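Remarks on the structure that follows.
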Amino acid sequence: MKDINFGAFPTMITPYKDDNSVDYEAVKNITKWYIEQGCTGIFAVCQSSEMVYLSLDEEVKIAKTVLETVKESGKNVSVVASGHTSDSMDEQVRELTAMAQTGVDAIVWVSNRLDLHNDGDDVWIANAEKLLSQLPEDIAIGIYECPFPYKRLLTPKILDWCISKGRFTFIKDTCCDPDMLDSRLKQIKGTSIKLYNANAQTLLYTLKNGAAGYSGVMANFTPDLFQWLCDNYDKNPELAQKVQNFLCITAFTESLAYPVTAKYHMNKSGVPMSLWSRSRDPKQFNKYQQMIIDDIMVTENEIRELIK
Numbered sequence: 088m089k090d091i092n093f094g095a096f097p098t099m100i101t102p103y104k105d106d107n108s109v110d111y112e113a114v115k116n117i118t119k120w121y122i123e124q125g126c127t128g129i130f131a132v133c134q135s136s137e138m139v140y141l142s143l144d145e146e147v148k149i150a151k152t153v154l155e156t157v158k159e160s161g162k163n164v165s166v167v168a169s170g171h172t173s174d175s176m177d178e179q180v181r182e183l184t185a186m187a188q189t190g191v192d193a194i195v196w197v198s199n200r201l202d203l204h205n206d207g208d209d210v211w212i213a214n215a216e217k218l219l220s221q222l223p224e225d226i227a228i229g230i231y232e233c234p235f236p237y238k239r240l241l242t243p244k245i246l247d248w249c250i251s252k253g254r255f256t257f258i259k260d261t262c263c264d265p266d267m268l269d270s271r272l273k274q275i276k277g278t279s280i281k282l283y284n285a286n287a288q289t290l291l292y293t294l295k296n297g298a299a300g301y302s303g304v305m306a307n308f309t310p311d312l313f314q315w316l317c318d319n320y321d322k323n324p325e326l327a328q329k330v331q332n333f334l335c336i337t338a339f340t341e342s343l344a345y346p347v348t349a350k351y352h353m354n355k356s357g358v359p360m361s362l363w364s365r366s367r368d369p370k371q372f373n374k375y376q377q378m379i380i381d382d383i384m385v386t387e388n389e390i391r392e393l394i395k
């Protein structure tokens, strides 16, 4: 199993052509942009990718396109991917096996798929045992506390089970609770598991306490700033706090018409693509929201000047 890098893992968006087909050329360009911004990882085929609106063939082709682009770059960039959306165990095995065969560094389970009705830890672990036993043994496993259709948080009991298996390397944490984050980071310390915080508001706090990086929506806007914070949080504490303050405030724009907002931002950053989305009507991205993104881009450039 491959080791997973520390740092910023953007939750990759899926670009489409105006005819609603996946724009694989834009997938390449987004991947190149992440790499140019210094990201050490990419979380492909996740909720930001609108994975519940993608076919398995599209998911696999996106993951392969990202991997090929990373390989061509010659950079050390970890790629993890999910596509874990089905209810039945047979379908879950099929989609995760297909993703494992792409060559990604880890396949990422969606936590609520192991306990569809929130019946408890014993149900989760029993289903996880079945799933793990049917997947390739040489692939690392990650877990994503995806909020759709409901957020199934990992408990200490489940984390202990994951630790005991030695297969788990990546957790995208969405608890947004400093005390729970503290507890989790203490529990996984010294194990194979690395925690990547999805919550920008608590990122600096968790980096100081052992988190391996950031994997969230806002890395689609300022991946370079997230990577800088991961690399420098302990080298320049005063400047790191200023960067954290900016990331904290701007993260509240998640409530806007994402992922259309991210596509607009990427266009203005030199990564062309249609604003079309399968999960969000682009008309919801109105002039008011456009003005917000435009103003944020002015300030993010000011922050970049500070960290040069």
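Basically the numbering used here = 1-based index in the sequence shown + 87. We put the CB at the ideal spot given by N, CA and C, even for glycine. All of these numbers come straight from a predicted model, not from anything done at the bench.
In this structure, L218 sits away from K252, with a CB-CB distance that is not shorter than 8 Å. In this structure, the CA atom of Q331 is about 33 Å from the CA atom of D110. Of the residues Q377, T242, L222, the one whose Cα lies closest to the Cα of N199 is T242. For a cut-off of 8 Å, the C-beta gap from A299 to F93 is around 5 Å, short enough to register as a contact.
Our two residues, T172 and Q179, have alpha carbons roughly 7 Å apart in a direct line. Taking 8 Å as the cut-off, the Cβ atoms of D260 and A287 do not count as close. For T101, the closest of I383, V358, M378 by C-alpha to C-alpha distance is V358. Distance from the CA atom of E325 to the CA atom of R391, rounded to whole angstroms, is 15 Å. Linking I383 to D177 through their CA atoms gives a straight-line distance of about 45 Å. Sequence-distant partners of Q314 (beyond 5 residues in either direction) whose C-beta falls short of 6 Å from its own C-beta, in its chain, are G94, A95, G125, C126.
Taking L272 as the centre and dropping the five residues before and after it, the same chain places the C-beta of L282, T293, N296, G297, A298 closer than 8 Å to its C-beta, in chain order.
The continuous stretches of alpha helix (DSSP H) do not include T98, and DSSP gives it neither H nor E. In this structure, DSSP gives Y375 a helical state, which the three-state scheme calls helix. If only complete runs of 4 or more residues are kept, the segment 293-375 shows the alpha helix (DSSP H) at 310-319, 324-337, 347-355, in order along the chain.
Between the alpha carbons of K104 and S136 lies a gap of roughly 14 Å. Per DSSP, reduced to three states, the secondary structure at Y283 is strand. Closest by C-alpha distance to K151, out of K115, Y140, M138, Q134, is K115. When rounded, the separation of the alpha-carbon atoms in A338 and M305 is 6 Å. Just so you know, the alpha carbons of K119 and D209 end up roughly 42 Å apart.
Taken in chain order, the complete alpha helix (DSSP H) segments of 4 residues or longer contained in the segment 204-241 are 208-220. Taking all protein chains in view, the Cβ of S142 is surrounded by fewer than 16 other Cβ atoms within 10 Å, so the residue is classified as exposed. Looking at Y301, L246, V153, the one whose alpha-carbon comes closest to that of G161 is V153. Spatial neighbours of I250 in its own chain (CB-CB distance under 6 Å, excluding positions within 5 residues in sequence) are listed in chain order as T278. In this structure, V167 places its C-beta atom within 8 Å of the C-beta atom of G229.
Annotation: S160 is outside any beta strand (DSSP E); the continuous alpha helix (DSSP H) that includes it extends over 143-160.
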